[in-house]
Amino acid sequence: MLVVALLIGPALVRWATAADTLTFLTATADNATDSAGLQAYADHISSLVPDVQISVDSTIGLETWSDTYSAEYAEIQKRGAVDIAYMDTIWVADFAEHMADLTELLPADFVQQFHPDGLEAGWYKGRLIALPWDIQNAFLIYNKALLAKYGYAAPPQTWDELEEMSRTIQEGERQTNPQFYGYAWDALDESLTCNILELISSHGGGNIIEPDGRVSINNPKAVKALARAVRWVGGISPYQVTSWDADGSKALFEAGGAAFTRQWGLQNFPGDDVTAATYGIAMLPNDGPGTRSKGTAGSAYLGISKYSSRPQQAASTLTTMLSVQEQTRRYRLFGLAPSRTSIYCGKRLCGPYDPNHWQVCDTNITDDYSVFRFSAPTAPQHYGNASRIVFTNIQQALMGRVSPQDALNTIECQLVLLLHDRSLLPDRCLNELLTAPWAFATAYSVTGLAMVVALALIPAFIYNKDNPVIRSASPIFCITICIGAVVFLASNVTATLKPNLFPSGCWATVWLTCIGFITMMVHADVEGVTSPANGTFSRPG
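Written out as structure tokens, the structure reads:
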């Protein structure tokens, strides 16, 4: 018996250790820049949770955020491969089918300790998929010295104030720096979706796509918001914003080339005395009375895989990762804003003003400041396409290629077509929908070739007007048929590519009906000359 115990004892120890090892799938933790940094965070959490060792399945360092999404989505589908998973806020709905319902693993009173906005974004179809790890809102960062220099005691609260301050400071600073701008922001790809979402929402224009799936972007307040942004480009903002992400606008601001910039929280700025003394942070502006300041949430979420073989250990670990102590630590060390209501965005963590510590909670953030992107109503798998529709068309407006109203018309139509049935399209959408490039090219190529052939037959008929068959049918009749064919082909193209301008090919159909009637009238005569008589064709009678 002793021998058996000695033989199986080490195996049992190894089994217990393996059973308590959890796999954490993530691309971020404590602002880590590599896999070693992620593992350092995992080791820190392991030291706080009894009998648990955390191993990191790293997706850090991939070329694009889309690549990171794809890598995580592939891993989360594997049974037993992942216990706890990090999710970007826009991934929650897409990952939902592979995640456990946290209401079945965590106490209800623990769940209710998170800020309602962040908590709501973790739900999908009646299941709590994830809890917010941190809340990273967009904020307005400003140069304190420049505001003081031009007599401004506080940052702008409305967009009109931002524009007025930006113009004043820009005009003054360009006396010595011709490349100075008032406001630096980012209008490239997903960054533009975030910017336009918070801009429209802060004008009272809705959330682009509402939680119930309704496409709401095409309204007068949204048009006003977009028209404002169009004015900025080449005015208080450089033309280059259309090719900048957050790093581009940050670089201009830090180089002293702008008075204001829109950035994600504090984690992108060093928390030293130079930064705190030079820069201030405030909520993004609103459109005045009746509107609210809004900052897009770029939050991180944590959830538990429904395929985990150790869900209780994972739940215990998750509560530690999301504890007040951990969120306080991450806020103080890395500027990662807490998601729990009691310390939301740093509330009650601020001490007396300290120039060596830049505190986002000094801004007195309103409870409804966060605006979340439309990932839930576009799930599953449609958020990327929906966002692409938004930023592609908004960028066309910013570049002056289309009007703000036309851009929103197109976005509305394309989003309705993506998310709903074609029958729900407003009538105006028939002209706004883009024809696929291959269909456009094919239609024009084939139609063009057919029209060339039809037109080429006209001189052929004229040249052979003495041919018995052509003379019998009448050269004018033959030419009319060719012209009718050209008209018919043209009507097909216009009816396909511009259906609201040319709702059908009826006018061409009328033409062809007349041609058909004439054909029947002369058919007997033509048939009569198709039999040779004495080696020639002759008209009967």
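According to mature numbering (1 follows the signal peptide of the UniProt record, and there is no 0), the stretch in the sequence shown is residues -18 to -1, 1 to 523, in order. Virtual Cβ for every residue (Gly too), placed ideally from N, Cα, C.
Looking at the DSSP output, glutamine 245 sits in a beta bridge with Phe121. One Cα belongs to leucine 266, the other to tryptophan 105, and the distance between them is close to 26 Å.
DSSP lists Asp70 and Asp116 as the bridge partner or partners of alanine 282.
Check the Cα spacing between serine 40 and each of Thr10, Ala103 and Phe235: the tightest is with Thr10. Take the alpha-carbon of leucine 110 and the one of leucine 84: they are about 5 Å apart.
Of all C-beta pairs linking the region 278 to 298 to the region 108 to 125, three or more are shorter than 8 Å, placing the two stretches in contact.
The region 205 to 218 and the region 402 to 411 do not touch, with fewer than 3 CB-CB distances between them shorter than 8 Å.
Sequence-distant partners of serine 357 (beyond 5 residues in either direction) whose C-beta falls short of 6 Å from its own C-beta, in its chain, are Ile72, Ala75 and Tyr365. Serine 324 sits away from histidine 97, with the two beta carbons spaced by 7 Å or more. The C-beta distance from isoleucine 36 to phenylalanine 6 rounds to 5 Å, short enough to meet the 8 Å contact threshold. Sixteen is the threshold: when 16 or more other Cβ atoms of the shown chains lie within 10 Å of the Cβ of glutamine 309, as they do, the residue is buried. Around the C-beta of alanine 442, fewer than 16 other C-beta atoms lie within 10 Å, and the residue is accordingly described as exposed. A residue is called buried when at least 16 other Cβ atoms come within 10 angstroms of its Cβ; leucine 431 does not meet this threshold and is exposed. The alpha carbon of leucine 380 has as its nearest neighbour, out of Leu174, Met69 and Leu122, the alpha carbon of Leu174. For threonine 8, no alpha helix (DSSP H) encloses it; the enclosing beta strand (DSSP E) starts and ends at 3 to 8. Here DSSP, grouped into helix, strand and coil, assigns tyrosine 132 to coil. Looking at the DSSP output, isoleucine 263 bridges to Ile123. Nearest in C-alpha terms to leucine 437, of all of Ser281, Trp246 and Ile461, is Ile461.
About 5 Å separates the CB atoms of valine 205 and proline 386; that is less than 8 Å, so the two are in contact. Thr299 is the residue among Tyr221, Ala127, Ala67 and Thr299 whose C-alpha sits nearest the C-alpha of valine 34.
With distances taken between CA atoms, aspartate 2 lies nearest to Ala297 out of Ile178, Thr392, Ala297 and Gln307. Beyond the five residues adjoining it in sequence on each side, glutamate 145 comes within less than 7 Å, by CB distance, of Ile218 in the same chain, given in chain order. Note on alanine 361: 16 or more other CB atoms within 10 angstroms of its CB, so buried under the neighbour-count rule. Within the DSSP secondary-structure output, phenylalanine 162 pairs in no beta bridge. Taking 7 Å as the cut-off, the Cβ atoms of phenylalanine 162 and glycine 230 do not count as close.
It is roughly 17 Å from the alpha-carbon of alanine 233 to the alpha-carbon of proline 160. Under the three-state reduction of DSSP output, leucine 88 falls in the coil class, being neither helix nor strand.
DSSP lists Arg322 as the bridge partner or partners of phenylalanine 96.
Under the DSSP assignment, glutamine 35 falls outside any alpha helix (DSSP H), being part of the beta strand (DSSP E) whose first and last residues are 35 to 40. Rounded to whole angstroms, the separation of the alpha carbons of threonine 374 and isoleucine 123 is 26 Å.
Beta-carbon to beta-carbon, threonine 278 and leucine 400 are separated by about 21 Å, too far to satisfy the 8 Å threshold.
Taking C-beta separations shorter than 7 Å and ignoring five residues to either side along the sequence, the partners of tyrosine 132 in its chain run Thr150, Ile151 and Gly154, following chain order.
Inter-residue distance for arginine 314 and serine 405 is about 53 Å (C-alpha atoms, whole angstroms). When DSSP states are grouped into helix, strand and coil, tryptophan 47 belongs to the helix group. Contact between threonine 8 and valine 38 holds, with the beta-carbon distance rounding to 7 Å and staying under 8 Å.
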